[in-house]
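J.:
In our numbering, the protein residues as written are 2 to 138.
(1) Which residue comes first and which comes last in the beta strand (DSSP E) that contains residue 35?
(2) From the DSSP output, in three-state form, read off residue 53 for me.
(3) Using C-beta distances below 8 Å, list every residue in its chain close to residue 34, excluding the 5 sequence neighbours before and after it, in chain order.
(4) Just to confirm, is the Cβ distance from residue 80 to residue 111 under 8 Å?
(5) Leaving out the 5 sequence neighbours to the left and right, which residues in its chain are closer than 8 Å to residue 97 when beta-carbon positions are compared?
(6) Can you tell me where the alpha helix (DSSP H) with residue 103 in it begins and where it stops?
(7) Residue 46 lies in the beta strand (DSSP E); which residues open and close that run?
(8) For residue 16, which residues in the same chain have their Cβ closer than 6 Å to its Cβ, ignoring the five residues on either side in sequence?
Printed below as a string of structure tokens:
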């Protein structure tokens, strides 16, 4: 950083390197991105863990249900029953995160199968087909 040459010995020979003799390059491992500005470097891990993937599914389902509530003309304060059927991935998400999903959408009940729904719609949730149904309680 000082601009002074770097001097060292190699096999009995004296070597002197100036700043122009060096090529300094930052290389990131796969799954990481980074930037350096004004001497400060920031590196982010962009690998998607199973937990992050599951949370993504959950948030996408919440978004779809909120859209359905709006399309059905429900009031913001209306409580609902939520019905679903879909791929095993979706079933697993609903079983694991059902309570969190219900809390976000003002749901009081979660049921597998869509027979009791007043409004239903098929969605693509991160590449997985799911049919969601809602009913005002």
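Using N, Cα and C, we set each Cβ at its ideal position, and we do this for glycine too.
T.: Looking at the coordinates:
(1) 33-38
(2) helix
(3) 44, 45, 47
(4) no
(5) 55
(6) 89-106
(7) 41-46
(8) 9
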